[in-house]
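Comments concern the structure below.
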Amino acid sequence: MLYGLYDVLYTVGAVFPDMTTGEPGQELLDVRIVAADAEPFRCIGGVLVEPHAAIADVERVDVAIVCDMYTPIDSPPIGRYPREVDWLRRVHAGGALVASVCTGSLMLAEAGLLDGREAGSHWAYRDLFRRYYPRVRMTEESILNLTGEPEGIITAGGVTAWQDLALHLIVRLCGPTEAIRTSKVHLLASHADGQRPFSAVTRLPQTNDAVIGACQAWFAVNYATANPVTAMVEQSGLQPRTFGRRFRAATGSLPMEYVHSVRIEEARRIIETDATPLDEVGYQVGYEDPTFFRRLFKRTTGLSPAAYRRKMAGIVSAA
């Protein structure tokens, strides 16, 4: 992602004229890769990164972009990057637009730049944001969250959302004509459907409450059971109100919200992998009312079951 973003921004103004007239144009953006130190290093996957400069040598920028970073979905980067966090605060205070892609938003959260704001990030980190950065309103469905742009903050969702961010920045810095030309050079397009069609239920093992964890394990294989919340309450041996309170404390969701999320996730898996009629899919995961199933599916994924099947089929056929 780092080099994809770098390549696109570096070529703005230069490559389109070369491809259409044979004469290179002028590079319109001064793009540099910076890190805590200027020494080369290898990131996840062993990819070599050779920074142009250390952050200590860069006092002012117009735009700073934090690329995605690898971190487990239950491990925030608290205290791990003090120099980078301080630099982000400093350049933002100096007037820079600070943007992030995917998990790069965690660095902005660490810097306190997202406190009290909406922010986009990868859907898999929604629970981490809720637990460790409760002052951030993470919008897991958004590809590009621009609500903080007037205050110098833009956050993009999943990894490939860097393309949407790049085009937005090119429009802002160089104008719409250059953005269109760059999109033609690199075959870039927006993620018009957002993140919701791609999101999935994150099922971290629940270890804080053994009773609730046992109920989750039971429901994972009995998701089509009628009245599943009542069944889990009976299994737990708890009073209904106590069960609901402990379930939410352990999972971050109300019991029925959790039921719907797991069922819709199973429905997605079925739709993705075989040609089962869509109403039958709903029945298989526990919904007897096809209309309710379709409505809930669209509310969760942003697409109707039929549209979702077409989208996933397109991905498979392109492979």
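Each residue of the sequence shown is one higher than the one before, starting from 460 at the first, in our numbering. Even glycine gets a Cβ: it sits at the ideal position worked out from N, Cα and C.
For this session: Would you identify the three-state DSSP class for residue 597, choosing helix, strand or coil?
Result: Here residue 597 sits in strand by DSSP.
Problem set entry | Closest Cα partner of residue 732 within the set 754, 705, 768 | 768
For this session: Could you check the C-alpha separation between residue 618 and residue 582 for me, to the nearest Å?
Result: 11 angstroms
For this session: Check whether the Cβ atoms of residue 614 and residue 646 lie closer than 9 angstroms to each other.
Result: no
Problem set entry | Bridge partner(s) assigned by DSSP for residue 565 | Looking at the DSSP assignment, residue 565 forms no beta bridge with any residue, so it has no partner.
Problem set entry | Contact set for residue 517: own chain, Cβ-Cβ below 7 angstroms, skip 5 residues either direction | 493
Problem set entry | 8 angstroms CB neighbourhood of residue 501 in its chain, flanking five on each side removed | 507, 508
Exercise. Going by Cα to Cα distance, which pick from 504, 554, 537 is closest to residue 810?
Worked result: Residue 810 is absent from the model: the chain starts at 460 and stops at 778.
Exercise. What is the DSSP secondary structure of residue 646, counted as helix, strand or coil?
Worked result: coil
Exercise. Which first and last residues belong to the alpha helix (DSSP H) in which residue 559 is found?
Worked result: Premise fails: residue 559 lies in the beta strand (DSSP E), 556-560, not in any alpha helix (DSSP H).
Problem set entry | Among 743, 612, 525, the one whose alpha carbon lies nearest that of residue 462 | 525
Exercise. How many Å lie between residue 716 and residue 772 at the Cα?
Worked result: 28 angstroms
For this session: Classify residue 639 as helix, strand or coil using the three-state DSSP reduction.
Result: Judged by DSSP in its simplified three-state form, residue 639 adopts helix.
For this session: Have a look at residue 565 and residue 603 and give me their C-alpha separation to the nearest angstrom.
Result: Taking the straight line from one Cα to the other gives about 15 angstroms.
Exercise. What three-state label does DSSP hand residue 573 in the structure shown?
Worked result: coil
Exercise. Do we get a CB-CB distance below 9 angstroms when we pair residue 740 with the residues of chain B?
Worked result: Absent from the structure: chain B. Only one protein chain is present.
For this session: Have a look at 644, 641, 558 and flag the residue whose alpha-carbon is nearest the alpha-carbon of residue 608.
Result: 558
Problem set entry | One or two residues paired with residue 706 in a DSSP bridge | Residue 706 is not bridged to any residue.
Problem set entry | Sequence-distant residues of the same chain with beta carbon closer than 6 angstroms to residue 759, five excluded per side | Listed in chain order, the non-local C-beta contacts of residue 759 below 6 angstroms within the same chain comprise 723, local neighbours out to five positions each way being set aside.
For this session: Starting from residue 625, follow the alpha helix (DSSP H) in both directions and report where the run begins and ends.
Result: Start and end: 621-633.
Problem set entry | Short Cβ contact (9 angstroms threshold) for residue 587 with residue 532 | yes
For this session: Would you mind sorting residue 579 into buried or exposed? The rule is 16 or more other CB atoms within 10 Å of its CB.
Result: buried
Problem set entry | Simplified DSSP assignment, three categories, for residue 614 | strand
Exercise. In whole angstroms, what separates the C-alpha of residue 472 from that of residue 486?
Worked result: 5 angstroms
For this session: Answer with buried or exposed for residue 691, where buried requires no fewer than 16 other C-beta atoms within 10 angstroms of its C-beta.
Result: buried
For this session: Might you give, ordered along the chain, the residues of its own chain that have their beta carbon closer than 6 angstroms to the beta carbon of residue 469, omitting 5 neighbours on each side?
Result: 490
Problem set entry | Spatial neighbours of residue 530 in its chain, beta-carbon cut-off 7 angstroms, leaving aside the 5 residues before and after | These residues qualify, in order along the chain: 536, 562, 565.
For this session: Go ahead and label residue 777 buried or exposed: buried means 16 or more other beta carbons lie within 10 angstroms of its beta carbon, across all protein chains shown.
Result: Residue placement at residue 777 cannot be trusted, given a pLDDT of 46 that sits under 50; what the coordinates show is reported in the next sentence. The residue in question, residue 777, is exposed, as its Cβ has fewer than 16 Cβ neighbours within 10 Å.
Exercise. Going along the chain, which residues of its own chain have a beta-carbon closer than 6 angstroms to the beta-carbon of residue 595, five neighbours each way excluded?
Worked result: Here the set comprises 568, 573, 578, 588.
Exercise. Sorted by chain position, which residues of the same chain lie with C-beta nearer than 6 angstroms to residue 475's C-beta, five sequence neighbours on each side aside?
Worked result: Counting only Cβ-Cβ distances below 6 angstroms, and skipping sequence neighbours, we find 640, 644.
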